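In the numbering used here, the protein residues as written are 2 to 590. To start, the structure under review is shown below, and the notes come after it.
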């Protein structure tokens with residue numbers, strides 16, 4: 002069995018990998034109940050060896066194992082301590098298996114040495130994946146709430162995915178008996194020609210050049226067809242067995258949505274630019290690594306604007322800017338052009354997978370190769386909006402999802418209510434922490450109101466209390482009378498006839514925090530904002546405000562300085578703003 006491979010031997014490598022994993026499964030069967038996890042981890046290790054190392058599956062230097070465990074694992078398994086330990090164990094199993102089957106260079110003694118190293122490094126790997134100095138920065142919280150698409154829309158979008166149809170056509174062509182491959186692991190030329198036509202891959206077969214017709218001698222150059230085959234192999238739709246391509250059995254049990262999910266994950270691993278990009282040398286290109294590694298980042302803007310889509314030109318400029326930041330200045334414009342070519346190719350692949358809808362795009366024809374697309378508008382399909390959120394955490398994003406509302410703390414609930422401008426209060430609160438008793442939920446809310454960072458958050462939290470029985474909320478709101486939000490609590494009780502103005506009115510009258518919060522939520526409505534200053538002592542109100550340390554104070558005073566109809570009051574507001582900023586600076590110092 003061949004156990005060493007170069008970068009152009011992908012099909013042969015996959016053939017060997019499949020055989021090794023099948024044999025390992027049989028070797029493990031009597032002794033390892035969790036062999037499914039072991040096989041998955043060994044597959045990851047072998048893929049690393051082929052794609053990012055030297056491609057030798059039968060011989061390993063100690064430095065190879067150290068590099069894999071101490072460099073690759075911490076990047077991929079941050080925060081996944083159990084997964085890291087399981088991976089270390091699986092690698093040791095692989096060494097023992099290769100020695101037991103007579104394939105490992107150095108035999109059992111070498112396997113024992115490699116396993117000892119793996120065991121010795123396991124604690125270091127565990128510390129690395131847990132160590133806060135090696136973890137990514139705090140995740141970026143996306144400034145919107147994700148509302149999952151209806152399941153019927155998700156299924157319909159998955160069923161319409163072009164690549165699923167092409168893979169089904171490939172499986173039908175392969176048939177129950179399979180098709181033979183060449184000694185190099187490629188499709189036979191006749192099969193390649195037939196599949197290019199059936200799958201409409203866009204590969205150019207007969208090239209007219211200088212009055213001559215150039216015909217292919219091999220399917221190796223049919224890049225788009227080979228990429229479809231690679232995808233099908235990666236997701237198990239077809240398998241490579243002893244120089245034959247055969248149908249995979251596991252594919253039949255997957256739903257269309259599961260198939261698209263599996264394909265999207267596979268696309269991120271398959272390096273599509275290096276498979277498809279014939280015009281440029283993407284094989285070891287840093288730009289290709291940036292573009293392929295950033296697939297999730299490029300799709301995030303589409304998740305933010307899923308109703309209206311994003312013009313291609315805007316997304317292209319976003320990606321070009323990111324590439325320049327990563328790779329340095331682009332003095333001659335070459336990087337910009339290559340980035341555009343690369344992102345166009347990636348977007349075409351993602352549209353084929355079914356996660357992306359690309360409308361009004363323009364075809365750019367090529368003499369020597371397949372056409373490409375540009376322009377138009379991009380949007381996620383329903384299945385794209387369904388799948389992408391599961392990949393965001395691994396790329397450094399935090400997404401608030403309405404389908405996860407049961408898990409939120411009170412601060413997250415209030416944050417979303419403020420973001421949605423209280424449009425779904427009843428539905429949100431009803432589903433939030435629904436397994437908890439009402440008393441506990443109200444307690445969490447009142448604590449979050451006290452700690453709320455802005456006026457909008459405090460008012461949203463108070464609005465959430467209205468979704469509970471007054472008998473439950475009143476005792477907790479009364480406790481707020483001894484906190485910095487005493488004025489809010491007093492007004493809440495008075496307005497709901499749980500106290501009279503004579504008893505608690507002083508809390509309201511003397512609470513500048515309550516006034517600033519009330520004004521802060523009206524700064525976008527100048528007429529309403531200014532109506533607060535039509536009483537007998539408007540100057541005193543402005544004077545009282547500038548010593549309030551909330552961040553909203555400056556916003557309110559600035560708005561009053563622009564919109565108050567009385568020139569004297571406008572001037573007073575501007576002076577108060579200057580004094581407030583000076584006072585805040587002194588407080589910080």
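Heads up, the beta-carbon is just placed ideally off N, CA and C, and yes, glycines get one too. Because the structure is a prediction, the values reported are computed rather than measured.
{"Check": "Residue 414, buried or exposed, once every other Cβ within 10 Å from all chains shown has been counted against 16", "Outcome": "buried"}
{"Check": "Contact between the segment 340-357 and the segment 385-394 (3+ Cβ pairs under 8 angstroms)", "Outcome": "yes"}
{"Check": "Contact set for residue 18: own chain, Cβ-Cβ below 6 angstroms, skip 5 residues either direction", "Outcome": "47"}
{"Check": "Closest Cα partner of residue 201 within the set 328, 223, 161, 456", "Outcome": "223"}
{"Check": "Of the listed residues 61, 427, 72, nearest to residue 107 (C-alpha basis)", "Outcome": "61"}
{"Check": "Range of the contiguous alpha helix (DSSP H) that encloses residue 257", "Outcome": "257-271"}
{"Check": "Cβ-Cβ separation, residue 466 to residue 474 (assumed contact under 8 angstroms), whole Å", "Outcome": "5 angstroms"}
{"Check": "Same chain only: Cβ atoms within 8 angstroms of residue 554, ignoring 5 sequence neighbours per side", "Outcome": "517, 546, 547, 581"}
{"Check": "Ordered list of alpha helix (DSSP H) runs contained in the segment 330-358, each at least 4 residues", "Outcome": "335-354"}
{"Check": "Delimiting residues of the alpha helix (DSSP H) encompassing residue 568", "Outcome": "568-589"}
{"Check": "Reference residue 294, options 499, 267, 455, 128, closest by Cα", "Outcome": "267"}
{"Check": "Contact between the segment 398-411 and the segment 169-180 (3+ Cβ pairs under 8 angstroms)", "Outcome": "no"}
{"Check": "Helix, strand or coil at residue 145 according to DSSP, with G and I counted as helix", "Outcome": "strand"}
{"Check": "Cβ contact (3+ pairs, closer than 8 angstroms) linking the segment 183-198 and the segment 146-166", "Outcome": "no"}
{"Check": "CA-to-CA distance, residue 102 to residue 58, given in whole angstroms", "Outcome": "13 angstroms"}
{"Check": "Of the residues 558, 454, 575, the one placed nearest residue 525, counting alpha carbons only", "Outcome": "558"}
{"Check": "Beta-ladder partner(s) of residue 240, from DSSP", "Outcome": "247"}
{"Check": "For residue 227, the nearest candidate out of 186, 208, 255, 237 (CA to CA)", "Outcome": "186"}
{"Check": "Buried versus exposed call for residue 8 [16 or more other C-beta atoms within 10 Å across all chains shown]", "Outcome": "exposed"}
{"Check": "Cβ-Cβ distance between residue 300 and residue 389 below 7 angstroms", "Outcome": "yes"}
{"Check": "Helix, strand or coil at residue 364 [DSSP, three-state]", "Outcome": "strand"}
{"Check": "Option nearest residue 470 by Cα separation, candidates 438, 455, 488, 460", "Outcome": "438"}
{"Check": "Proximity to residue 292 [Cα-Cα], best of 141, 561, 538, 327", "Outcome": "327"}
{"Check": "Start-to-end residues for the beta strand (DSSP E) that takes in residue 5", "Outcome": "Where residue 5 is concerned, there is no enclosing beta strand (DSSP E), given that its DSSP letter is neither H nor E."}
{"Check": "Distance CB(residue 147)-CB(residue 402) smaller than 7 angstroms", "Outcome": "yes"}
{"Check": "C-beta contact flag for residue 97 and residue 85 at 7 angstroms", "Outcome": "no"}
{"Check": "Beta-carbon gap between residue 543 and residue 521 smaller than 7 angstroms", "Outcome": "no"}
{"Check": "Close Cβ partners of residue 251 (< 8 angstroms) along its chain, the five nearest in sequence each way excluded", "Outcome": "237"}
{"Check": "CB-CB length for residue 234 against residue 15, believed under 8 angstroms", "Outcome": "5 angstroms"}
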